[in-house]
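Chemist:
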Amino acid sequence: MPIKVPKTLHPFINAVEKTFKILCFLDVTPGDPIIKNHKVSDKSISGIVGMVGSKYIGSFVISFTAECILNIVQKMLGEKYTEVNDAVSDTVAEITNIVFGNAKKELADMNITLEMAIPYTIRGNNHIITHKTDGPYVVIPFSSSLGTFTIEMGMEPKKKDRRG
Amino acid sequence: MRILVVDDMVTMRKIIKTQLTKLGYTDITEADDGTTAVEAIKIAVSSGQPYDLIISDWNMPNMSGLDLLKAIKSTAEIANTPFLMVTAEAEQKSIIEAIKSGVSNYIVKPFTPDTLQEKIKKIIPNPVK
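Chain order of the listed sequences is A and B.
Residues in the first sequence are numbered consecutively from 876, following this note's numbering.
Residues in the second sequence are numbered consecutively from 293, following this note's numbering.
#1: Extract the residue ranges of the beta strand (DSSP E) inside the stretch 944–1024 of chain A, only unbroken runs of 3 or more that lie entirely within it.
#2: Less than 8 Å between the beta carbons of Thr966/A and Met985/A, yes or no?
#3: Would you mind stating whether Val924/A and Ala992/A have Cβ atoms separated by less than 8 Å?
#4: Using a Cβ cut-off of 8 Å (strictly closer), state whether Glu969/A contacts chain B.
#5: Is Ile932/A near Thr1008/A, with beta carbons less than 8 Å apart?
#6: At a CB distance below 8 Å, what residues from the stretch 402–415 of chain B approach chain A? Give them in sequence order.
#7: Do His1006/A and Ser934/A come within 8 Å of each other at the CB atom, strictly closer than that value?
#8: Taking 8 Å as the threshold, find out whether the stretch 303–311 of chain B comes into contact with the stretch 1019–1035 of chain A through three or more Cβ pairs.
#9: Can you list, in chain order, the residues of its chain with a C-beta nearer than 7 Å to that of Lys1033/A? Leave out the 5 residues immediately preceding and following it.
#10: Can you name the residues of chain A whose CB is closer than 9 Å to the CB of Met301/B?
#11: With 8 Å set as the bound, which would you pick, yes or no: does the beta-carbon of Lys306/B sit closer than that to a beta-carbon of chain A?
#12: When you compare only the Cα positions, how much space is there between Lys421/B and Lys414/B?
#13: Which runs of the beta strand (DSSP E), 3 residues or longer, sit entirely within the stretch 877–945 of chain A?
#14: Does DSSP classify Ala323/B as helix, strand or coil?
#15: Residues of chain A with CB under 8 Å from Glu381/B, in chain order?
#16: Here's the rule: buried if 16 or more other CB atoms are within 10 angstroms of the residue's CB, otherwise exposed. What is Lys896/A?
#17: Residues of the stretch 880–896 of chain A with a CB closer than 8 Å to any CB of chain B: list them in chain order, please.
#18: Starting from Ala941/A, find everything on chain B with Cβ-Cβ shorter than 7 Å and list it in chain order.
#19: So, does the stretch 346–361 of chain B touch the stretch 953–967 of chain A, judging by three or more C-beta pairs under 8 Å?
#20: Which of the three DSSP states is assigned to Ser356/B in this structure?
#21: Which one or two residues does DSSP pair with Asn397/B in a beta bridge?
#22: Taking 8 Å as the threshold, find out whether the stretch 1010–1025 of chain A comes into contact with the stretch 903–916 of chain A through three or more Cβ pairs.
#23: Looking only at C-alpha atoms, which of Val330/B, Ile370/B, Ala336/B and Phe375/B sits nearest to Ala390/B?
#24: At the level of alpha carbons, what is the spacing between Ile888/A and Pro905/A?
#25: Quick check: is the beta carbon of Leu945/A nearer than 8 Å to any beta carbon in chain B?
#26: Quick check on Leu1021/A - is its C-beta less than 8 Å from some C-beta in chain B?
#27: Buried or exposed for Gln388/B, going by 16 or more other Cβ atoms inside 10 Å?
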């Protein structure tokens, strides 16, 4: 049975499409959502931002294959790298920041307010993503002419809001 | 025209610098932190070559763009320096806070060179490149 995209993920999908369109003239296509029950990434690098608001807590993650992010960095900055290094990590953190900032605005319009936070990155094979929630997480795969990447999110109501 | 670009992220400084260069601006200095920026602005003023425009990110560790703006506005010798705030947040309450603090204008990431030029011209109608 197909999984429905949670309404809280739509702002992130919209922000991803807008960010890559403006920053590197890239059209990206979201695929069907997948439910993930673990914290291991099958990509080479992830940008992570913790989300804390008055009602919700969670994490947003964007993860790239090495091929995809190296192509994106070259298209965006005109700089060619052969490995996922600190400069590439910086770009992933900035992409995460921009996507989160744009999604945050759309979420606020849905009455879900979140605080802005500083994103960070983690890289390497089978790296562990430190989510703020225990899961499960919803993953949206994206395809593009520069390679594949995913976004994933775990979000749940804050504990105090779940009492009674 | 002398421009100071302030952002803790190298990527965003590169994007802004590349866009400014495409627009014809050549005198561009970078600072990776608000505290460093305040010092750079004071030195520029005391050496008789003040910056004509500060382009600063909002979301930075140590000293945010908003704190940098407030620091500039509370220092008489540099208080009139035009300030363009770069933000990933387009929320009304954040923008109102920046306007109350005296920001000249703001630009929401991601943006194109044309949008950047449009914002600069709203602050400095006839910029000398």
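All residues carry an ideal CB built from backbone N, CA and C; glycine is no exception.
Because the structure is a prediction, the values reported are computed rather than measured.
Modeler: Inspection of the coordinates gives the following:
#1: 995–998 and 1012–1019
#2: no
#3: yes
#4: yes
#5: yes
#6: Pro402, Phe403 and Thr404
#7: The answer is yes: Cβ separation under 8 Å.
#8: no
#9: Closer than 7 Å at the Cβ level, and outside the excluded window around Lys1033/A, lie Lys930, Tyr931 and Ile932.
#10: Asp965, Thr966, Ala968, Glu969 and Asn972
#11: yes
#12: 15 Å
#13: 903–905, 909–911, 920–927 and 931–939
#14: Strand at Ala323/B.
#15: Gly976, Lys979, Lys980 and Met991
#16: exposed
#17: Result list: Lys893 and Thr894.
#18: Residues of chain B passing the Cβ test: none, with the nearest at roughly 17 Å.
#19: no
#20: coil
#21: Within the DSSP secondary-structure output, Asn397/B pairs in a beta bridge with Leu376/B.
#22: Enough Cβ pairs lie closer than 8 Å, so yes.
#23: Phe375/B
#24: 7 Å
#25: no
#26: no
#27: Sequence inspection shows Ile at residue 388/B; the Gln mentioned does not correspond to that position. Exposed: under 16 other Cβ atoms inside 10 Å.
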